[in-house]
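>
Next comes the structure, spelled out in structure tokens:
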């Protein structure tokens, strides 16, 4: 397949389509599902080329929060590969470690070089996760790579609707803490001009897509 065909992006919403209200999540999930595995890997490889600019803001042996790409998101294996090359310490999120009513994520270290080899179980909400006794809080990480459904040009993020990342990162954001950095990782078609922001929403510090890295 020609490379331009593989990397052809689905349609991006324009300003008029985003002006009145947030686009429905299904708009983006449908576009993600339409991508082939080959296209997803190509996009992830392109996005990973921008990680060197994130590296400039990190200490040695940085603790990095990543996630499983279980819903046709931009693949996150390149993030784990990047951590391995630079000696960073990757971690994966765990939901409900303090009870089903607690939305604060904690993070478990990753000791495998491939995400497919990490022992997991399926959470009741559908995502994969791994349990371990050595769980860290978000403020103990240097960076959290955040999953998202859509993001706008100001760093406002639309999540899956559960509020886990906003709840997890809200306290450090309101206190003005510089860590963890909150970085989005997504396809270019998930970027829109503007999203409605709620008082509890936590914006991103930066965004990596196949075409660029940008800071907010």
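Numbering (the numbering used here), first residue to last: 5 to 220.
C-beta: ideal position from N, C-alpha, C; glycine also.
Keep in mind the model is a prediction, meaning the values are calculated, not measured.
The alpha helix (DSSP H) spanning residue 43 covers which residue range?
Here residue 43 refers to the residue found at position 39 when the chain shown is read from its first residue. From DSSP, the alpha helix (DSSP H) with residue 43 extends over 41-52.
> Run through DSSP, which three-state label would residue 57 get?
Here residue 57 is taken as the residue at index 53 of the chain shown, counted from 1. Residue state, collapsed to three classes: helix.
> Within a Cβ cutoff of 6 angstroms, which residues of the same chain sit near residue 185, ignoring the five residues on either side of it in sequence?
Numbered from 1 along the chain shown, position 181 holds the residue referred to as residue 185. Cβ within range, chain order: 147, 209.
> Where in the stretch 72-100 do unbroken runs of the alpha helix (DSSP H), each at least 4 residues long, occur, reported from the N-terminal end onward?
81-90
> From the DSSP output, in three-state form, read off residue 186 for me.
Taking the chain shown and counting its residues from 1, one reaches residue 186 at position 182. DSSP places residue 186 in strand when its eight states are reduced to three.
> Which one or two residues does DSSP pair with residue 226 in a beta bridge?
The first residue shown for the chain is 5 and the last is 220, placing residue 226 beyond what the model contains.
> Start and end of the alpha helix (DSSP H) containing residue 32?
Working through the chain shown from its first residue, we reach residue 32 at position 28. Where residue 32 is concerned, the enclosing alpha helix (DSSP H) stretches over 29-38.
> Determine the direct distance from the alpha carbon of residue 143 to that of residue 119, and round the result to whole angstroms.
Locating residue 119 in the chain shown gives position 115, counting from the first residue. Locating residue 143 in the chain shown gives position 139, counting from the first residue. Rounded to the nearest angstrom, the two C-alpha atoms are 23 angstroms apart.
> Report the three-state DSSP secondary structure of residue 193 (helix, strand or coil).
As a first step, residue 193 is located in the chain shown; it is residue number 189 there, counting from the start. Three-state result, residue 193: helix.
> Return yes when the C-beta of residue 42 is under 7 angstroms from any heavy atom of the ligand PLP, and no when it is not.
This structure lacks the ligand PLP, and indeed carries no ligand of any kind.
> Kindly indicate which three-state DSSP category residue 155 falls into: helix, strand or coil?
Mapped onto the chain shown, residue 155 falls at position 151. Reduced to three states, the DSSP call for residue 155 is strand.
> Sorted by chain position, which residues of the same chain lie with C-beta nearer than 6 angstroms to residue 29's C-beta, five sequence neighbours on each side aside?
Residue 29 sits at position 25 when you count from the first residue of the chain shown. These residues qualify, in order along the chain: 153.
> Can you check which of these residues, 181, 72, 207, 189, is closest to residue 216 by C-alpha distance?
As a first step, residue 216 is located in the chain shown; it is residue number 212 there, counting from the start. It is 189 whose Cα lies nearest to the Cα of residue 216.
> Do the stretch 55-70 and the stretch 30-43 touch if we need at least three Cβ pairs shorter than 8 angstroms?
no
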